[in-house]
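Read in order, the letters of the sequence shown are residues 24 to 305 in the numbering used here. We put the beta carbon where it would ideally sit given N, CA and C, even for glycine.
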Amino acid sequence: MAADSSSFGGADELQATIGRIAEDPEKRLKVLHSLLGEVACRQIGIFPVPPNFKLSVVIPVYNELQWIKEIVRRVQEVPIPKEIILVDDYSKDGTRAILTEMESIPNIRVIYHDKNQGKGAALRTGFKHVSGDVVIVQDADLEYDPAEYPRLIQPIVENRADVVFGSRFIGENHRVLYFWHYIANKVLTTLSNFFTNLNLTDMETCYKVFRREVLQGINIKSDRFGFEPEITAKIARKKRPSWRIYEIPISYSGRTYEEGKKIGLKDAFNALYCIVRFWFKD
């Protein structure tokens, strides 16, 4: 039977109560636990975030005029305390004008490269400025969904992991696109696993999440997409103790080259080189 709004003190009071619950993380968690149960909540990424916790979101940006406002909006919507570090890699399509407008937003920091250097270089710059407990890499397009942050950081917040990879190949939905990209990804991931002795399913994923301490001991040298195999090799090489690595299934909405996809065959060969190089030598 539907409840009469008067039983809650009127529609306005009910709306105000819902608003207060939505703004208070502890109240929201208690309500969801009472409705769904603690076990169900944990399974879908609803869990208590420690006091004073902060997530650092590092976004490398290059010619993303069409998407940059929307991706920042989606990141801001995630109900986790955060800082957003945008590193513009010398965009020439008008993206910089939009980023300049964002500089006044309190939790956003924008850094500009004076020449185009590549994704790895942009991340290297961004990592120098993080102050959060956990750091996540976010591409500036809409291929990866920030709504999945809670599940991605959960193993780290619960002290089960030090590094989390978001895998596009273990159970979530994804847009159907290029067969040869899929094959190349599988080959590169398998070769990376051969050298690192890990059993990852998606080494090339954008969504990599780290305790800040993990990044403090790593010097990124790759300027372009070699960042992915390089960071994987350097994480795997850490011993005594080893970093605890988890994979979490994520959705994926890949874009076509007409929509602005940038990675190509040259980057695949460079990744191959980086897999071998960074396993044997820093």
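Would DSSP call Val180 helix, strand or coil?
DSSP places Val180 in helix when its eight states are reduced to three.
Could you please give the first and the last residue of the uninterrupted alpha helix (DSSP H) stretch that includes Glu209?
With the sequence shown as reference, residue 209 is identified as Lys, and Glu is not the correct amino acid for it. Looking at the DSSP string, the run of the alpha helix (DSSP H) that includes Lys209 is Phe202 to Thr219.
Are three or more beta carbon pairs between the stretch 66-74 and the stretch 180-195 nearer than 8 Å?
Short answer: they touch.
Restricting to runs no shorter than 4 residues, where is the alpha helix (DSSP H) found entirely within the stretch 46-114?
Within the stretch 46-114, the complete alpha helix (DSSP H) runs of at least 4 residues are 48-59, 61-66 and 91-100.
Leaving out five residues before and five after Thr148 in sequence, what residues of the same chain have Cβ atoms less than 8 Å from its Cβ?
If we look at Thr148 and ignore the five residues flanking it on each side, its Cβ neighbours are Val110, Ile134 and His136.
Residues in the same chain with beta-carbon distance under 6 Å from Phe233, minus the five sequence neighbours each way, listed in chain order, please.
Excluding residues within five positions, the ones whose Cβ falls inside 6 Å are Val158 and Val186.
For chain D, find out if any of its Cβ atoms is closer than 8 Å to the Cβ of Asn222; answer yes or no.
Going by chain labels, chain D is absent from the structure shown, which holds only one protein chain.
Tell me the rounded alpha-carbon separation between Phe292 and Tyr205.
When rounded, the distance between both Cα atoms is 15 Å.
Let me know the secondary structure DSSP gives Phe248 once reduced to three states.
Residue state, collapsed to three classes: coil.
Would you tell me roughly how many angstroms separate the C-alpha atoms of Gly277 and Leu165, rounded to the nearest one?
Computed Cα separation, rounded: 8 Å.
For Gly155 and Glu106, which I take to be in contact (beta-carbon distance under 8 Å), what is that distance rounded to the nearest angstrom?
With a Cβ gap of about 6 Å, Gly155 and Glu106 count as contacting.
Do you know whose CA, among Thr228, Pro264 and Ala256, lies nearest Ser274's CA?
The shortest C-alpha separation from Ser274 is found at Thr228.
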